[in-house]
Amino acid sequence: MQVRSYPGTFDGNVRQAGYEFVEEMDLAASSRRTGEEAQALLSAEQCPSGTMTVILGTNQLALQIHESCGHPTELDRVYGTEASFAGTSFLTTEKLANYRYGSDLVNLYADSRIPGGLGTFGYDDEGTPACHSYLVKDGMFVGYLMSRETAHDLGTVSNGAMRASGWDRMPIIRMTNICLEPGSDTLQSLIAGTDDGVFMDGIKSWSIDDRRLNFQFGSEIGYRIRNGELAEMVKNPTYTGITPQFWGSCDGIAGPEEWVLWGVPNCGKGEPLQIMRVGHGTSPARFRNVKVGVGRW
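For the sequence shown, our numbering begins at 14 and goes up steadily by one.
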């Protein structure tokens with residue numbers, strides 16, 4: 014089955030905003046293009062299998078950030094108190110400040126102050142003020158999402174990540190707005206610098222192991238890149254990797270003009286289950302030597 018969504022998968026895009034946000038989506042003008050893409054996917058060739066360059070659009074990259082950076086930096090996972098629901102984390106405490114998570118271009122941060130973000134608030138449920146804190150700086154793993162208790166265990170202060178979904182739930186460590194800092198490229202320059210690759214966007218499937226290392230993700234739509242230009246559409250584009258190797262292969266990130274803030278209204282965690290709203294901001298980015306075409310359906 015082929016699907017094409019706009020502005021994004023699941024609930025589209027979600028933000029703390031008014032009707033002006035709906036108007037910004039330009040739904041009427043985008044509906045025809047989205048329908049034409051869905052129809053074209055039915056007759057498109059399958060995504061090729063092999064190792065090549067991958068450029069991810071912002072919707073797909075938001076999922077990558079969520080699963081391979083957001084969840085593994087939750088400090089309760091590291092301590093094992095969340096293991097029964099969705100696993101632990103490979104980012105154990107001895108790696109803090111001395112572990113290479115990605116290339117020098119990769120800067121990932123938590124910021125609960127971004128206007129309109131689903132992970133934006135004034136204070137968390139322990140009374141810690143909203144703030145900005147780095148999780149990955151210049152490719153090095155430098156920080157966790159923390160509570161007051163877990164921060165004390167590390168000899169530092171909380172960065173305000175304790176939230177409950179309602180009055181009948183205990184606060185637990187949750188993502189806020191977890192974002193990738195923009196770079197200095199453009200999507201067009203990333204494509205132009207690629208001889209052989211695939212552009213992918215639109216979340217379709219996801220799978221990641223219980224330590225947030227080994228993943229396989231699928232997108233709604235892909236386009237082959239040949240000699241620096243977008244070529245034919247491909248369906249069922251998928252890619253797989255190991256988290257630090259994947260982020261270590263990042264050699265280009267588009268600039269702030271192409272940075273998009275996505276809202277995720279359905280992040281689940283905890284027993285009993287708590288559904289939380291979080292945000293992810295990113296520009297398109299390029300990754301070299303990625304294994305693609307790992308699934309067929």
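Here a beta-carbon is modelled for each residue, glycine too, at the ideal position from N, C-alpha and C.
All of these numbers come straight from a predicted model, not from anything done at the bench.
- When DSSP states are grouped into helix, strand and coil, R182 belongs to the coil group.
- When only Cα atoms are considered, G231 and W272 end up about 21 Å apart.
- Distance from F300 to C263 at the Cβ level is roughly 5 Å; contact confirmed, criterion being Cβ atoms closer than 8 Å.
- Contact between the region 146-156 and the region 108-128 is present, with at least three C-beta pairs closer than 8 Å.
- Spatial neighbours of S296 in its own chain (CB-CB distance under 6 Å, excluding positions within 5 residues in sequence) are listed in chain order as P195, I266, A267, E271 and W272.
- For F134, same chain residues with a beta-carbon under 7 Å away, outside a window of 5 residues either side, are S125 and A143 in chain order.
- With contacts defined by Cβ atoms closer than 8 Å, Y252 and V303 form a contacting pair.
- By the CB criterion at 8 Å, I185 and M175 fall inside the cutoff.
- Along the region 249-283, the beta strand (DSSP E) occurs as fully enclosed runs of 3 or more residues at 251-255, 263-266 and 273-282, listed in sequence order.
- Residue range R161 to D166 is occupied by the alpha helix (DSSP H) that includes H165.
- Proximity to V170 across F154, G179, E139 and L200 peaks at E139, based on C-alpha coordinates.
- Three or more Cβ pairs closer than 8 Å define a contact, and the region 243-262 falls short of that threshold against the region 279-287.
- Each of Y19, R224 and M65 was checked against the Cα of T256, and the nearest Cα belongs to R224.
- Following the DSSP letters along the chain, one finds A298 in no alpha helix (DSSP H) but inside the beta strand (DSSP E) bounded by residues A298 to V305.
- The shortest CA-to-CA distance from M183 to any of E58, D137 and A41 is the one to D137.
- As DSSP reads the structure, P61 sits in no beta bridge.
- About 23 Å separates the CB atoms of M65 and Y114; that is not less than 8 Å, and the two are not in contact.
- The C-beta distance from V211 to V67 rounds to 6 Å, short enough to fall under 8 Å.
- Contact check for T86 and I216: beta-carbon distance about 21 Å, past the 8 Å limit, so the pair fails to qualify.
- Selection G31, L55 and Q59 evaluated against G308 yields Q59 as nearest (Cα-Cα).
- Distance from the CA of E107 to the CA of D222, rounded to the nearest whole angstrom, comes to 21 Å.
- Sequence-distant Cβ neighbours of Y157 in its own chain, meaning closer than 6 Å and more than five residues away, are T86 and L88.
- Secondary structure at T189: coil, using DSSP grouped into helix, strand and coil.
- Residue environment: S197 is assigned as exposed (fewer than 16 neighbouring CB atoms within 10 Å of its CB, all protein chains considered).
- Going by beta carbons, R28 and G276 fall inside the 8 Å limit.
- For a cut-off of 8 Å, the C-beta gap from S102 to V91 is around 5 Å, short enough to register as a contact.
- Taken in chain order, the unbroken stretches of alpha helix (DSSP H) that lie wholly in the region 67-133 and span 4 residues or more are 71-78, 88-92 and 96-99.
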